[in-house]
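**Student:** What follows is a structure written as structure tokens; I'll ask about it next.
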Amino acid sequence: MSKIITVTIAGKGPETDAPSIGDLLDQLRDYFELLNVLEQTLAEDGQSAIIWRIVDAKRSSPLTFTIQAFARQFAVNVDARAGHVVDRAFAGLRLLEEQAERPAYFTEKALERAERIFERVTNGLDQTEIRSDGFRPIVLTPSVARVASRNTRSVLEPGGRPFKEIGSVEGYIQTVGRDGRGRRVVWIKHRLTGDEVRCALTGDAAKALAHCEVEDVWRGDRVSLFGTIHYRTPGRISHIEASAIRFLRSRSELPDVDDIIDPDFTGGLKSEEYLEKLRNGELS
Numbered sequence: 066m067s068k069i070i071t072v073t074i075a076g077k078g079p080e081t082d083a084p085s086i087g088d089l090l091d092q093l094r095d096y097f098e099l100l101n102v103l104e105q106t107l108a109e110d111g112q113s114a115i116i117w118r119i120v121d122a123k124r125s126s127p128l129t130f131t132i133q134a135f136a137r138q139f140a141v142n143v144d145a146r147a148g149h150v151v152d153r154a155f156a157g158l159r160l161l162e163e164q165a166e167r168p169a170y171f172t173e174k175a176l177e178r179a180e181r182i183f184e185r186v187t188n189g190l191d192q193t194e195i196r197s198d199g200f201r202p203i204v205l206t207p208s209v210a211r212v213a214s215r216n217t218r219s220v221l222e223p224g225g226r227p228f229k230e231i232g233s234v235e236g237y238i239q240t241v242g243r244d245g246r247g248r249r250v251v252w253i254k255h256r257l258t259g260d261e262v263r264c265a266l267t268g269d270a271a272k273a274l275a276h277c278e279v280e281d282v283w284r285g286d287r288v289s290l291f292g293t294i295h296y297r298t299p300g301r302i303s304h305i306e307a308s309a310i311r312f313l314r315s316r317s318e319l320p321d322v323d324d325i326i327d328p329d330f331t332g333g334l335k336s337e338e339y340l341e342k343l344r345n346g347e348l349s
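Structure, rendered in structure tokens:
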């Protein structure tokens, strides 16, 4: 069976704990969107294969909704994928409850959704509880949500000055186009953070994509870009001015255990030299 989540939402008022229609729908919508953003970040191609549906609702106070993962395409099993998404969502929300640290795979969009979930419990709702088998429940009360909201805002607006450095960044192509000055521009999903990063191409990098007018040709391809990396704050990239681009093999094409069980598989090369050549497709 695909992953099941229960969400319980309570409001506050002089005569009832029923939430307002606006708060109820917005809280569910933000949680659904958080799951969607995490899935797209975790997916190598940046696409969503899961649709989350409400399969049951209990009208007893407080209101409880049962949510289940379904595949967008017929006969596609998304159980493992949904489990990974739910795991990251629980871990991320819990981390933000405890400290001002960016959870793994939480992009700016994910953090903004989480912040809205927290803030709504401090202004309009009295509690939001999220449960799923195998995970410790997330129980957001006004006091817990207030701290989590502050932590999330600190992650979204960290201290530190912008800076730049020369280096390389690996990611997956999302779109290809041109900026207002006619320069070739590519947007990638950063492999480590999941953030979408704008890369202006110059030199050899621009030549490599000079003939590209249809962005879908390379959508989802794994690339490494070298050039000047501009940071908003430490660890968060603003944009890249790339002078070189290298197309890398997809994850499915990378070597696995079966490729390295021969004790003489390196052919005399040092292990690190062999792995680098194999990863870059330089071995026959």
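Note that my numbering has the sequence shown beginning at 66, numbered continuously upward.
Cβ coordinates follow ideal geometry from the N, Cα and C atoms, glycine included.
(1) Considering only the alpha carbon of each residue, which of G292, W117, I116 and I132 lies closest to K123?
(2) Drop a sphere of 10 angstroms on the beta-carbon of F228, count the other beta-carbons inside from all chains shown, and report buried for 16 or more, exposed for fewer.
(3) Would you mind sorting I70 into buried or exposed? The rule is 16 or more other CB atoms within 10 Å of its CB.
(4) Is there a Cβ of chain D sitting closer than 8 Å to that of D269, yes or no?
(5) Buried or exposed for T193, going by 16 or more other Cβ atoms inside 10 Å?
(6) Cβ atoms of R146 and A114: under 8 Å apart, would you say?
(7) In chain order, what residues of the same chain have a beta carbon less than 6 Å from the beta carbon of F171, not counting five sequence neighbours either side?
(8) Within the same chain, show all residues whose beta-carbon is closer than 8 Å to that of F135, passing over the 5 residues directly before and after it, in chain order.
(9) Take the Cβ of G199 as the centre, count every other Cβ of all protein chains shown within 10 Å, and call the residue buried at 16 or more, exposed below.
(10) Could you tell me how far apart the beta carbons of N216 and Q138 are, in whole angstroms, since I believe they sit closer than 8 Å?
(11) Should K272 be labelled buried (16 or more other beta-carbon atoms within 10 Å of its own) or exposed?
(12) How big is the Cα-Cα spacing for G232 and R297?
(13) Based on Cα-Cα distance, which residue from L190, A265 and D110 lies nearest to G245?
(14) For E109, name the three-state secondary structure that DSSP assigns.
**Tutor:** The relevant details are as follows:
(1) I132
(2) exposed
(3) buried
(4) Given the protein chain composition of this structure (a single chain), no chain D is represented.
(5) buried
(6) yes
(7) G157
(8) S67, I115, I116, W117, R118 and V143
(9) exposed
(10) Wrong, their Cβ atoms sit about 37 Å apart, outside the cutoff.
(11) exposed
(12) 16 Å
(13) A265
(14) coil
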